[in-house]
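> Before I ask anything, here is the structure I am working with.
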Amino acid sequence: MDSNQRKGLSKKIIFDSEINLNRICWVRESFCPMCKEPIEIIFDDLPTEQEIIEAEKIPCDECLAGKQKSEGVDSVVEIIEDDHSDHNS
103 MDSNQRKGLS KKIIFDSEIN LNRICWVRES FCPMCKEPIE IIFDDLPTEQ EIIEAEKIPC
163 DECLAGKQKS EGVDSVVEII EDDHSDHNS
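Note that our numbering numbers the sequence shown so that position 62 is 164, with each residue one more than the last.
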């Protein structure tokens, strides 16, 4: 077993809709850190151990979209709270 297989990496052909061509990429099967759904992490080049660790911290697209949406709401609430505190002075 080579070291790439031990890292859980495999080569796959992925269709890239931006350039309308197939690309050969490195893929690692993993799980979303938020919802625990299975995901594929795609790397253009052979990743280092550190790149794999960092990539596994990133949530899936659905969770990421929900997280960004809730962070946007939090910032709006914070602005409104700041605005109200000015009136109380």
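Beta carbons are placed, not taken as given, at the ideal position from N, Cα and C, and that holds for glycine.
Remember, it's a predicted structure, so these values are computed and weren't measured experimentally.
Strictly by DSSP, which residues pair up with L111?
Per DSSP, R130.
> If V129 and I144 are in contact, beta carbons under 8 Å, what's the gap, nearest whole angstrom?
With 8 Å as the limit, V129 and I144 qualify as a contact, their Cβ atoms being about 6 Å apart.
> In the DSSP assignment, the beta strand (DSSP E) including I141 goes from what residue to what residue?
Run containing I141: 140–145, per the beta strand (DSSP E) assignment.
> Alpha carbon to alpha carbon, what distance is there between N122 and P135?
The alpha-carbon atoms of P135 and N122 are separated by roughly 30 Å.
> With burial defined as no fewer than 16 other Cβ atoms inside 10 Å of the residue's Cβ, what is the status of C162: buried or exposed?
C162 comes out buried.
> If you draw a straight line from the C-alpha of L148 to the C-alpha of A167, how long is it?
If I take the Cα positions, the gap works out to 27 Å.
> At the level of alpha carbons, what is the spacing between I155 and K109?
If I take the Cα positions, the gap works out to 11 Å.
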